[in-house]
Amino acid sequence: MTRVTVLAGGVGGARFTRGLLHHLNTDARLPGAPDVTVIVNTGDDMWLDGLRICPDLDTVMYTLGGGISEEQGWGRTDESRRTSAEIAAYGRGWSWFTLGDLDLATHIVRTDLLRSGETLSAATEFLSRRWQPGATLLPMSDQFVETNVRLAADADEHTAGDLIHFEEWWVRYRASVPAAEFVQVGLADAVAAPGVIDAILNADLVILPPSNPVVSVGTILAIPGIREALRTTTARVIGVSPIIAGAAVRGMADACLATIGVETSALAVGLHYGSRRDGGLLDGWLVDETDAQAVPKLEAAGIRARAVPLWMSDVPATARIFAEAVCVAALPPIELLQAAEPEEEPAELPIAEFAFPGQLRDKLVGAILAGTKTSTTSTLVEYSVEDEPLPAVGSRQIVIDSLERPVAIIETTGVRVVRLADVDLDHARDEGEGYTSVAEWRAGHEAFWHSDDMRAYIGNSDFTVTDDTPVVLERMRVVALLHP
Ligand code: GDP
Ligand code: CA
């Protein structure tokens, strides 16, 4: 899981990506350097005071580059506003849209590059050289596409039916003036920026972070080719709900959802994106633990769902959300689960190897044959070493002993992928190794996962598991004993 592509708006997308990078860089210790691409909404862009402003690109760049104002969620830390005050004194600019003095430098450099004929992609790459965001930032398009709001009521100098810039509706009116529709001006002439489609098609995992589904992710999806790329990529597409307990967290996304006729709930937004099985975009959708009642409805609609804490309260909490997304991505899609075929000939069955040949394997295989071992655990990364798919429920495997003789056929009766910290006592007990607590179970498994044999197998001499390491919990039953 090293190539990850994210479709992001501003604050929600930026915060999520920061946690994602934290997980990939520090916690997961997966083989290979992570390669993260963020495709950023540029529908909020504007020309203001003669400058090109890209609110979402800058929020992502400053957040990942360590320059963001944490309190605001946008703009620079240690900011002053002397230039804005001077522009206001001339009666120019948007009084309700302040550009800080430090932030203005970014807009001046970007505008300078654009005026000298560079594309927005090239200007973004140039600005990123200073900020070192740790990910490739791509604007969704190099063409200027501007989200406008058609007002459904009068407001100040505007009359119902007028189109105004999205940021005016959002910042000046705090989304309180009813909106009839969102219009993407310039869409007809827009194409995806270089690298955008490839980043989706060549990813190992695509993430729809908790960004505004209408005016952030929805805007990106409208760019020709992007929706189709999400539909056809071999990567899993996993989304994180921006709605918790029926409310938009920090923001007014509910006003946008109301305009397109989608209820403000984790369930409705998941169904709005839809299952890839049925022509939609999602393989999986994380909802907050308070929205657990949505999980069976989402799964019935063909979307793998899990309820976990979704508050991005700090970077480690956000990293945990991404770890959960990795766990959901590892599960076979719902349709594959139902299609497992238990009827193969024994000779064609894959081999299940427990530990490495020797004492430990003999003990584990003995417990399987005795029926006392009905669960087993692997780290997810072990499957990626040989690009092995996870076992599907109903699939069968041949168990071999230390001399590599076939001794039994087992059937997988359950597969879950969870964070290591979330392994439960039932699973630990059913390992059949005499564990009476999760802590004991974990100590035993850590010794194995940190062994020289395992580190050599994974090809990472520092491989170390943490609470956030995704682990595959399998349940099984013996269906036949073989006599070697
Ligand atoms: P914007 O362009 O700055 O509006 O940012 P985005 O579109 O990327 O994200 C805004 C959305 O992030 C908001 O509408 C919220 O629904 C969502 N959001 C913000 N904070 C959190 C959080 O802690 N958890 C979750 N799940 N969603 C959040
Ligand atoms: Ca935005």
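Residues 1213 to 1696, numbered by this note's numbering, are exactly what the sequence shown covers, in order.
Every residue gets a Cβ at the ideal spot worked out from N, C-alpha and C, and that includes glycine.
The stretch 1399-1415 makes contact with the stretch 1430-1442: 3 or more CB pairs, one atom from each, lie closer than 8 Å. S1587 is bridged by DSSP to R1687. Per DSSP, F1534 is one residue of the alpha helix (DSSP H) stretching across V1527 to A1542. Under the three-state reduction of DSSP, L1417 is assigned to strand. For M1258, DSSP records a beta bridge to I1265.
A1391 has its CB no nearer than 6 Å to any heavy atom of ligand 1.
I1515 is positioned such that its CB atom lies closer than 7 Å to that of S1487.
For S1296, the CB contacts under 6 Å within the same chain, skipping 5 residues up- and downstream, are T1310 and L1311 in chain order. At a cut-off of 6 Å, the beta-carbon of N1424 counts as near ligand 1: some heavy atom of the ligand is closer than that.
Counting along the chain, the unbroken alpha helix (DSSP H) around D1313 starts and ends at D1313 to R1327.
In terms of Cα proximity to L1510, the closest of I1546, P1521 and A1535 is I1546.
Not one heavy atom of ligand 2 falls within 6 Å of the beta-carbon of G1278.
Exposed is the label assigned to T1446, since fewer than 16 other Cβ atoms lie within 10 Å of its Cβ.
In chain order, P1422, A1478, V1481, G1482, W1497, L1498, V1499, D1500, D1503 and L1522 place their CB closer than 8 Å to the CB of S1453, counting only its own chain and leaving out the 5 sequence neighbours on each side. Burial is judged here by how many other beta carbons sit within 10 angstroms of a residue's own beta carbon; D1526 has fewer than 16 and is exposed.
Restricting attention to E1645, G1255, P1562 and P1246, the CA atom closest to the CA of L1433 is found in G1255.
Using a cutoff of 6 Å, the CB of D1268 counts as near ligand 2, since one of the ligand's heavy atoms is closer than that. Around the beta carbon of T1249, 16 or more other beta carbons sit within 10 angstroms, so the residue counts as buried.
Taking a C-beta distance under 7 Å as the contact criterion, D1613 and V1577 qualify as a contact pair. In this structure, the C-beta of D1490 stays at least 6 Å away from each heavy atom of ligand 2. L1522 has its Cβ nearer than 6 Å to a heavy atom of ligand 1.
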